[in-house]
Amino acid sequence: MKKLIYLFVVITTLFSCVIDDHVEDNNYTGDLQTYFTGPTLNKDVVVSATSSSLVMVEVGSTETSSSNRTYSITVDDSSTAVLDQDYSFSSSDVVINSGENVGYFEFNSLFNTMSDESVLVLNLIEVSDYVSTFKNQITINLSKACGPSFVSSLVDGTTYSVTTTYGFHDFLPDYSTNTAIVQITDLGGNMFSFSDFSGGLYSTGLYASAYGTGGVDNTLTFTDECNKIVWEGQTDPWGDILPINGGVNKIDVTSGVITISWTCTGYGENGVSVYTPQ
0 MKKLIYLFVV ITTLFSCVID DHVEDNNYTG DLQTYFTGPT LNKDVVVSAT SSSLVMVEVG
60 STETSSSNRT YSITVDDSST AVLDQDYSFS SSDVVINSGE NVGYFEFNSL FNTMSDESVL
120 VLNLIEVSDY VSTFKNQITI NLSKACGPSF VSSLVDGTTY SVTTTYGFHD FLPDYSTNTA
180 IVQITDLGGN MFSFSDFSGG LYSTGLYASA YGTGGVDNTL TFTDECNKIV WEGQTDPWGD
240 ILPINGGVNK IDVTSGVITI SWTCTGYGEN GVSVYTPQ
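Every letter in the sequence shown is one number past the one before it in numbering that gives the first Met the number 0, and letter 202, counting from 1, is 201.
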């Protein structure tokens, strides 16, 4: 039994030497190594409307130098994050200053346009000094944390002027646009509703007199997901009401303008409604 235990200790010790690079130990005496530091090569970054947009990634070296050292950062093809939508770079370099072991690569997250979740994979590339082959890539998981909807600060006592431009209905080119005044109701939980998704076509316009839609509940209930307008389960008398695929459905947090692009599956009515706070 003692022999078996001794053999296990020897094997474990040998295996540990293989997987432990010792680069981050104070007593490391091997070749110069530069690498992404940290206990893991997966970094979670949660971005909110009030958080700093700046993201910092640490790069370390096992040695100091009497001069600044510059390394290049490239985006790996496996990334799903989109440049100038989810993130932006002011520079693609990272510098470790003279006399220092650590430098920082910085980039900005773009809360207003970024996807709910995306992955940014960065590669550390040698320029003049050697880069390690074992910690030269880091995965940054970007995600949005949505606070209270911007609409909530506007709806109490605020009316909206809504102008709708119609792409299709039964009476075009008549009634190609319409402007109405509406009130948006805050339902809580970043959910809101307003009467007549059609911008007037169904309630007071040509459909009301031709098809009797004036007496129908044409309310649209939507959710604000980080300034993106989404809804489901909404109908008109003939079918579902859907967001237009590829259309604009968002809130502009600078102006408070809400844009909703809608289409009806029953007979194809569709339009873009722009709600402006009054």
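Even for Gly, the Cβ is constructed at its ideal location relative to N, Cα and C. The structure presented is a predicted model; accordingly, all values stated were derived computationally and were not measured.
Give me, in chain order, the residues of the same chain whose beta-carbon lies closer than 8 Å to that of residue i; leave out the 5 immediate sequence neighbours on both sides.
i           : result
residue 42  : 56, 137, 138, 139, 140
residue 174 : 165, 168, 200, 204, 205
residue 31  : 60, 61, 62, 128, 129
Alpha carbon to alpha carbon, how far is residue j from residue i? Give it in angstroms, no decimals.
i           : j           : result
residue 62  : residue 131 : 13 Å
residue 164 : residue 36  : 54 Å
residue 20  : residue 120 : Reliability fails at residue 20, whose pLDDT of 37 lies under 50, so the model's placement of it is uncertain and the value that follows must be treated cautiously. Rounded to whole angstroms, residue 20 to residue 120 spans 22 Å at the Cα level.
residue 262 : residue 227 : 17 Å
residue 235 : residue 78  : 40 Å
residue 221 : residue 151 : 13 Å
residue 69  : residue 95  : 7 Å
residue 113 : residue 85  : 4 Å
residue 97  : residue 58  : 14 Å
residue 65  : residue 147 : 50 Å
residue 100 : residue 117 : 30 Å
residue 75  : residue 51  : 25 Å
residue 255 : residue 210 : 34 Å
residue 104 : residue 71  : 9 Å
State the beta-bridge partners of residue i as determined by DSSP.
i           : result
residue 276 : 159
residue 261 : 242, 270
residue 182 : 158
residue 144 : 47
residue 227 : 224, 249
Please go through the same chain and pick out, in chain order, the residues whose beta-carbon is closer than 7 Å to the beta-carbon of residue i, but skip the five residues on each side of it.
i           : result
residue 260 : 242, 243, 246, 247, 248, 271
residue 160 : 178, 180, 275, 277
Give every residue of the same chain whose Cβ lies closer than 6 Å to the Cβ of residue i, excluding the five residues on either side of it in the sequence, and list them in chain order.
i           : result
residue 225 : 143, 145
residue 269 : 166, 167, 262
residue 265 : 237, 238
residue 233 : 219, 240
residue 73  : 122, 124
According to the neighbour-count rule (16 or more other Cβ atoms, all chains shown, within 10 Å of its Cβ), is residue i buried or exposed?
i           : result
residue 186 : exposed
residue 67  : exposed
residue 195 : buried
residue 223 : buried
residue 34  : buried
Alpha carbons only, please: which of the options is nearest the one belonging to residue i?
i           : options          : result
residue 125 : 75, 111, 92      : 92
residue 109 : 65, 215, 44, 170 : 44
residue 40  : 149, 134, 231    : 134
residue 198 : 190, 212, 32     : 212
residue 188 : 90, 87, 149      : 149
residue 54  : 267, 89, 157     : 89
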